[in-house]
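*Asks:* One structure coming up, written as structure tokens, with questions to follow.
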Amino acid sequence: MKLYVIFPLSALITLTLQAPSGENCFCEFANSERAFPHDKLSTVEDNASRCNTNITPQKTLELESLLMGLERRLPRLEEDVSTLEREDDGELYGVISLQVVQNELTDIQELIARLNNTILENEHLTHVTNTKLTDLKAEMQELESYDTMQVVRGKLDNRRLRRDLDQCRNTVLPFTNTTEPPHGNCPHGQFRNISGPRVSTAGEYPGSYKYGAWGRDPKPEAGKESWHWLVLLTSGNKHSNYVRLYSSLSAFVGGVSTPGNVLIHSANPTTNTIQGPNVVMYRGALYYNCYNQDEVCRFNLTSKTVTNMKLPKGTRYNSKGNFCHLDECYPFTDLDLATDESGVWVIYTTNQDFGNLVLAKLEDDEQLRLGQTWHTSAYKQGITNTFMVCGVLYATRYVDKETEEIFYSFDTTTGVERFNLGIFIKKMYPNILSLNYSPVDQMLHAYCDSYMVSYKVLFS
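Read in order, the letters of the sequence shown are residues -18 to -1, 1 to 442 in mature numbering (1 follows the signal peptide of the UniProt record, and there is no 0).
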């Protein structure tokens, strides 16, 4: 005699229990659901990954940067043409003015050509992506039909809730944690937050030099107020022997360098050339870590002379006191130079301070010397970058590939340290390898994996 019992198991499996008259007993399971198409799911994931690789925020910022460069060059061309019409003497001056206009036209035509190519590439990418997204949507709807128990839908709902929670937390923290920010002595008000990226450009050498620095001179010579500078570590991502100058931000974005390179030495590296990416410019001089020394070098761009200043005994150098995060350390970042409204600062660490940050003011006179010094309790290898704003030292740490956090401050006026600022920087690229504050326009200039990005410092 046989006894059959059939009942549903979660509406997916049919269980048949067969009990023969003997001692043997066996069960049969029959899956009533369709087999899940794992190969199709893998194909969908690959297509989605390719879409994420092709569509990046950098493409939008590249277009915006070109438009901004064109917008700034056109008024200059109009001004040069007006000058030519007004002051043309029919002789040498007129020829020179005409040459200036021709050079401006050539630069503008190059910008327009790059802009047209970028627009065409974006239009093609938009069309291809739209088609792929339509196909992906249809394939995902088909795959969802296999989810009879609504597992995927539940996971999606949880993911949306988690995303909304993260957005809420990130929006609130910069303000709740900075109700009493460091005071310092700031004419702009109190430092409250950081804007999103304002400028992002690959410059003249896209992807060529991972480490470098860029920015503006807070105290420029007359006629050079809009100039920008760039230092690229061209020797093994460690060293450089020149600074590259640009007459304006639009020239910088457009990759038009005038007057070009100012050479420190023909060899690279050698004595008194640049070591590490932490470089600043002040009063027409470049400040940096001297090659293979625990010293600060000041290179005067006009006289082409170098002044050296040795740091205290025990200062860590040659990549023994770097900025770091959990995954890596940034080589040869032992010394960080910074500028703010009051001048030039150097941030370093010593054996005596057990790796904690030391901050010192540089006295910028004929004989470069170290001024007042402050010792902090912030451990340097738990920090990725530092910068100064209105006499207050700020430090950042790596959160993830998309976020950097300004978490620490030291007020040189009051001596107060804070470790809970919670101001977040939205990154365009995974690593910020140098960070300079410009008191001229209150911008943060970041050098990120061979790209240049700027952010606006927001004051109350």
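Yeah, the Cβ is synthetic: ideal placement off N, Cα and C, and Gly gets one too. In this text the structure is predicted, and so the values were computed from the model without any measurement.
Taking only runs of the beta strand (DSSP E) that begin and end inside the region 155 to 226, which ones reach a length of at least 3 residues, in chain order?
*Replies:* 173 to 183, 194 to 197 and 210 to 214
*Asks:* Excluding five sequence neighbours on each side, which residues of the same chain lie with their C-beta closer than 6 Å to the C-beta of S301?
*Replies:* Numbered from 1 along the sequence shown, position 319 holds the residue referred to as residue 301. Excluding the 5 residues flanking it on each side, S301 has same chain C-beta neighbours closer than 6 Å at P313 and F314, in chain order.
*Asks:* Relative to the C-alpha of P188, which candidate in V225, G236 and G178 has its C-alpha closest?
*Replies:* For the purposes of this step, residue 188 is taken as the residue at position 206 of the sequence shown. For P188, the nearest C-alpha among the options comes from G236.
*Asks:* For R351, which residues from the same chain have a beta carbon less than 8 Å from its beta carbon, with the 5 sequence-adjacent residues on both sides left out?
*Replies:* Sequence index remark: in the sequence shown, residue 351 carries index 369 (1-based). Same-chain partners within the cutoff: M291, L344 and E345.
*Asks:* What first and last residue would you give for the beta strand (DSSP E) that runs through A360?
*Replies:* Residue 360 sits at position 378 when you count from the first residue of the sequence shown. First-last of the beta strand (DSSP E) with A360: R351 to Y361.
*Asks:* Starting from the N-terminal side, write out each stretch of the beta strand (DSSP E) that is 3 residues or longer and does not extend beyond the region 299 to 341.
*Replies:* 318 to 322 and 325 to 330
*Asks:* Mind checking who S436 pairs with in its DSSP beta bridge?
*Replies:* Counted from its first residue, the sequence shown places residue 436 at position 454. V181 and H427.
*Asks:* Are the beta-carbon atoms belonging to P179 and K408 less than 9 Å from one another?
*Replies:* The residue given as residue 179 occupies position 197 in the sequence shown. The residue given as residue 408 occupies position 426 in the sequence shown. Result yes, Cβ atoms of P179 and K408 sit closer than 9 Å.
*Asks:* Please list the segments of the alpha helix (DSSP H) lying wholly inside the region 222 to 285, counting only runs of 4 or more residues, in order along the chain.
*Replies:* Entirely contained in the region 222 to 285, the alpha helix (DSSP H) runs reaching 4 residues are, in chain order, 231 to 236.
*Asks:* So for S31, helix, strand or coil by DSSP?
*Replies:* Reading the sequence shown from its first residue, position 49 is the one you call residue 31. It is helical.
*Asks:* Could you check how far apart the C-beta atoms of V213 and V261 are, in whole angstroms? I think they sit under 8 Å.
*Replies:* Looking up residue 213 in the sequence shown gives position 231. Looking up residue 261 in the sequence shown gives position 279. By a beta-carbon distance limit of 8 Å, V213 contacts V261. Their separation comes to about 5 Å.
*Asks:* Exposed or buried, which one is I101 when buried takes at least 16 other CB atoms within 10 Å?
*Replies:* Counting from 1 along the sequence shown, the entry for residue 101 is found at position 119. Classification of I101: exposed, given that the 10 Å Cβ count is below 16.
*Asks:* Considering only the alpha carbon of each residue, which of E310, N413, L227 and L375 lies closest to D199?
*Replies:* By 1-based counting over the sequence shown, the position of residue 199 is 217. The option with the nearest alpha carbon to D199 is L227.
*Asks:* Please work out which residues of its chain come closer than 7 Å, Cβ to Cβ, to S190, disregarding the five sequence neighbours upstream and downstream, and give them in chain order.
*Replies:* Counting from 1 along the sequence shown, the entry for residue 190 is found at position 208. Answer for S190: S432, listed in chain order.
*Asks:* Going straight from the alpha carbon of R298 to that of A195, what length do you get?
*Replies:* The sequence position of residue 298 within the sequence shown is 316, counting from 1. The sequence position of residue 195 within the sequence shown is 213, counting from 1. Distance between the alpha carbons of R298 and A195: 21 Å.
*Asks:* In angstroms with no decimal places, state the Cα-to-Cα distance between T366 and T358.
*Replies:* Working through the sequence shown from its first residue, we reach residue 366 at position 384. Working through the sequence shown from its first residue, we reach residue 358 at position 376. Taking the straight line from one Cα to the other gives about 16 Å.
*Asks:* Would you mind reading off the limits of the beta strand (DSSP E) that contains N290?
*Replies:* Counting from 1 along the sequence shown, the entry for residue 290 is found at position 308. Note, N290: beta strand (DSSP E), T287 to K292.
*Asks:* I think N271 touches D316, with their Cβ atoms under 8 Å apart; what is that distance to the nearest whole Å?
*Replies:* Numbered from 1 along the sequence shown, position 289 holds the residue referred to as residue 271. Numbered from 1 along the sequence shown, position 334 holds the residue referred to as residue 316. N271 to D316, Cβ: 7 Å. Contact.
*Asks:* Which residues mark the beginning and the end of the beta strand (DSSP E) in which I414 is found?
*Replies:* Translated into positions along the sequence shown, residue 414 becomes position 432. Premise fails: I414 is in no beta strand (DSSP E) and is neither H nor E.
*Asks:* Would Y273 and Q257 qualify as a contact pair, given that the criterion is a beta-carbon distance under 9 Å?
*Replies:* Position 291 of the sequence shown, counted from the start, is the residue given in the question as residue 273. Position 275 of the sequence shown, counted from the start, is the residue given in the question as residue 257. Yes.
*Asks:* Rounded to the nearest angstrom, what separates V238 and L45 at their Cα positions?
*Replies:* To locate residue 238, count along the sequence shown from 1; it is residue 256. To locate residue 45, count along the sequence shown from 1; it is residue 63. Computed Cα separation, rounded: 17 Å.
*Asks:* For the beta strand (DSSP E) that contains Y128, what are its first and last residues?
*Replies:* For the purposes of this step, residue 128 is taken as the residue at position 146 of the sequence shown. No beta strand (DSSP E) contains Y128, which DSSP labels as neither H nor E.
*Asks:* Taking the beta carbon of M410 as the centre, do at least 16 other beta carbons fall within 10 Å, making it buried, or is it exposed?
*Replies:* Walking along the sequence shown from the start, residue 410 turns up at place 428. It counts as buried.
*Asks:* Cα separation between E67 and E86?
*Replies:* Taking the sequence shown and counting its residues from 1, one reaches residue 67 at position 85. Taking the sequence shown and counting its residues from 1, one reaches residue 86 at position 104. Cα-Cα distance, rounded: 16 Å.
*Asks:* Can you tell me which of L80, L118, S416 and S222 puts its alpha carbon nearest to the alpha carbon of D62?
*Replies:* Locating residue 62 in the sequence shown gives position 80, where the first residue counts as 1. Comparing Cα-Cα distances from D62 to each of L80, L118, S416 and S222, the minimum goes to L80.
*Asks:* What are the boundary residues of the beta strand (DSSP E) that E386 is part of?
*Replies:* Locating residue 386 in the sequence shown gives position 404, where the first residue counts as 1. Its beta strand (DSSP E) spans residues T385 to D393.
*Asks:* Roughly how many angstroms lie between the CA atoms of Q334 and Y429, to the nearest whole one?
*Replies:* Counted from its first residue, the sequence shown places residue 334 at position 352. Counted from its first residue, the sequence shown places residue 429 at position 447. Using only the alpha carbons, I get a separation of about 31 Å.
*Asks:* Here's the rule: buried if 16 or more other CB atoms are within 10 angstroms of the residue's CB, otherwise exposed. What is I405?
*Replies:* Taking the sequence shown and counting its residues from 1, the one referred to as residue 405 is at position 423. That one is buried.
*Asks:* Just tell me which of V326, G171, F305 and V371 has its CA closest to the CA of L339.
*Replies:* One-based indexing of the sequence shown puts residue 339 at position 357. Of V326, G171, F305 and V371, the residue nearest in Cα terms is F305.
*Asks:* How would you call S436, buried or exposed, if buried means at least 16 neighbouring beta carbons within 10 angstroms?
*Replies:* Position 454 of the sequence shown, counted from the start, is the residue given in the question as residue 436. Buried, by the Cβ-count rule.
*Asks:* One question on the structure: do K114 and R32 come within less than 9 Å of each other, judged by their Cβ atoms?
*Replies:* Position 132 of the sequence shown, counting from 1, holds the residue named residue 114. Position 50 of the sequence shown, counting from 1, holds the residue named residue 32. A contact, by the Cβ cut-off of 9 Å.
*Asks:* In angstroms, rounded to a whole number, what distance separates the CA positions of D117 and K137?
*Replies:* Taking the sequence shown and counting its residues from 1, one reaches residue 117 at position 135. Taking the sequence shown and counting its residues from 1, one reaches residue 137 at position 155. Distance between the alpha carbons of D117 and K137: 23 Å.
*Asks:* If I'm right that G197 touches N418 with Cβ under 8 Å, what's the distance once you round it to whole angstroms?
*Replies:* Position 215 of the sequence shown holds residue 197. Position 436 of the sequence shown holds residue 418. Indeed they touch by this definition, with Cβ atoms about 4 Å apart.
*Asks:* What's the C-alpha gap between H109 and N34?
*Replies:* For the purposes of this step, residue 109 is taken as residue 127 along the sequence shown, with counting starting at 1. For the purposes of this step, residue 34 is taken as residue 52 along the sequence shown, with counting starting at 1. If I take the Cα positions, the gap works out to 15 Å.
*Asks:* Note down, in chain order, each residue of its chain lying with its Cβ closer than 6 Å to the Cβ of F389, except the 5 sequence neighbours on either side.
*Replies:* Start at 1 with the first residue of the sequence shown, and residue 389 comes out as number 407. These residues qualify, in order along the chain: R379 and L403.
*Asks:* Anyone know if the C-beta pair for M425 and T183 falls short of 9 Å?
*Replies:* Taking the first residue of the sequence shown as 1, we reach residue 425 at position 443. Taking the first residue of the sequence shown as 1, we reach residue 183 at position 201. No, the pair does not count as a contact, with Cβ atoms beyond the cut-off.
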